[in-house]
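In this text, residue positions in the sequence shown follow the UniProt record's numbering: the first is 1, and each later residue adds one.
Even for Gly, the Cβ is constructed at its ideal location relative to N, Cα and C.
Computed from a predicted model, the values in this text were never measured in an experiment.
Written below as structure tokens is the structure these notes are about.
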Amino acid sequence: MPNKKTPTIWAIGDVQGCCDALQELLNHPEIKEDEHAQFWFAGDLINRGPHSLKTLRTIMQLGERAVCVLGNHDLHLLAVYAGIRRENKSDTIDEILQAPDVEEIIHWLRHRPLAHFDQNHLMVHAGVMAKWDEKKTLKLAAEVSDALQSKHWQKYLQKMYGNEPNRWRDSLTGSKRRRVIINALTRMRMCFEDGSMEFGSKDSPFDNKSNDIMPWFELPNRKTEKTTIIFGHWSTLGLMIRKNLIALDTGCVWGGKLSAIRLSDRKLVQVECTGKRR
């Protein structure tokens, strides 16, 4: 039997409900011509953009061709649905909550991972702690996924929010352990030199004037430094393509672009975002 062809993989940055830009991207000649291509979405599929429900339905219709990791906005939707959080004024998730198929959508979302690895590429939404290698990252992400996919998933979300603990210890258990995992994979940007997370900074790291903090990917002795990591979450960082680092949040929801990169040769495709953020 012939060997099964490795599918082309396009990694896509934060969509955040900008479905018009997503559909334009999927219909781009470079992308549309390969009907077997896979699409890796780096989290924050929804919220702030004008068409969150349509975005989810578009991605869900891709079936197994779509690989999605959860971002902080996706987790926020789950928390609001579970009655743990209230909607914010800038949210655009009410149409999802009112949809007739909301239970199906929430079930689908709960079964998305927080980390995905294939072809020596590790995809997360925000970042990976310096003490975690690829295998540990996947194992810890799976702990959270097991909780989200369990019968009592709402209970586990109740203690998801908070900035403490802000550093990893193997001895952590229960809600504190899950909170550190979630914060690292879906919220982290800057860290102190000892690897602990700093949550106050959202600006570009190139504008950072503090010697006390640095981008998580600049931490010394990071155990994933030889693994290519794909992430989003950081629109002020923008597009960054290095040997072992691909940052893809190019601020579509803020009037920027939606970006996709082909992993095999790093071919970049971008479309302008025409939708307006609420």
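Contact check, residue i vs residue j, beta carbons under 8 Å
| i | j | result |
| --- | --- | --- |
| Ser196 | Asn166 | yes |
| Leu263 | Gln149 | no |
| Leu219 | Cys252 | no |
Range of the contiguous beta strand (DSSP E) that encloses residue i
| i | result |
| --- | --- |
| Val180 | Where Val180 is concerned, there is no enclosing beta strand (DSSP E), although the alpha helix (DSSP H) it sits in stretches over 174–186. |
| Asp118 | 116–118 |
| Cys273 | Looking at the DSSP string, Cys273 is not in any beta strand (DSSP E), and its letter there is neither H nor E. |
| His51 | Per DSSP, His51 belongs to no beta strand (DSSP E) and is neither H nor E. |
| Ile213 | 213–215 |
| Ile93 | Note, Ile93: premise wrong, no beta strand (DSSP E); not H, not E. |
| Leu122 | 121–123 |
Euclidean distance between Cα positions of residue i and residue j
| i | j | result |
| --- | --- | --- |
| Pro2 | Val69 | Because Pro2 carries a pLDDT of 44, less than 50, the predicted location of this residue cannot be relied on, and the following value inherits that uncertainty. Taking the straight line from one Cα to the other gives about 31 Å. |
| Glu193 | Asp101 | 46 Å |
| Arg86 | Leu97 | 12 Å |
| Met123 | Ala141 | 11 Å |
| Asp34 | Gly256 | 26 Å |
| Arg188 | Met214 | According to the sequence provided, residue 188 is Met. The question's Arg does not apply to it. Looking at the two C-alpha atoms, the distance is approximately 11 Å. |
| Cys19 | Glu30 | 19 Å |
| Asn208 | Thr236 | 12 Å |
| Arg278 | Ile93 | In this predicted model, Arg278 has a pLDDT of only 48, less than 50, meaning its place in the structure is not dependable enough to derive any value. |
Presumed contact (8 Å Cβ cut-off) between residue i and residue j, rounded CB distance
| i | j | result |
| --- | --- | --- |
| Lys223 | Trp132 | 6 Å |
| Ser175 | Lys159 | 4 Å |
| Val67 | Leu114 | With a Cβ gap of about 12 Å, Val67 and Leu114 do not count as contacting. |
| Thr8 | Ala37 | 4 Å |
| Phe231 | Ala42 | 6 Å |
| Leu248 | Leu239 | 7 Å |
Residue(s) in a DSSP beta bridge with residue i
| i | result |
| --- | --- |
| Ile84 | In the DSSP output, where bridge partners are listed per residue, Ile84 has none listed. |
| Ile12 | Phe41, Ala260 |
| Val67 | Trp40 |
| Glu198 | Met190 |
| Met240 | Ala247 |
Boundaries of the alpha helix (DSSP H) in which residue i is found, first to last residue
| i | result |
| --- | --- |
| Cys191 | Cys191 -> not in any alpha helix (DSSP H); beta strand (DSSP E) instead, spanning 190–192. |
| Thr137 | 134–148 |
| Ile106 | 102–110 |
| Ile229 | Unbroken run through Ile229 is the beta strand (DSSP E), 228–231; no alpha helix (DSSP H). |
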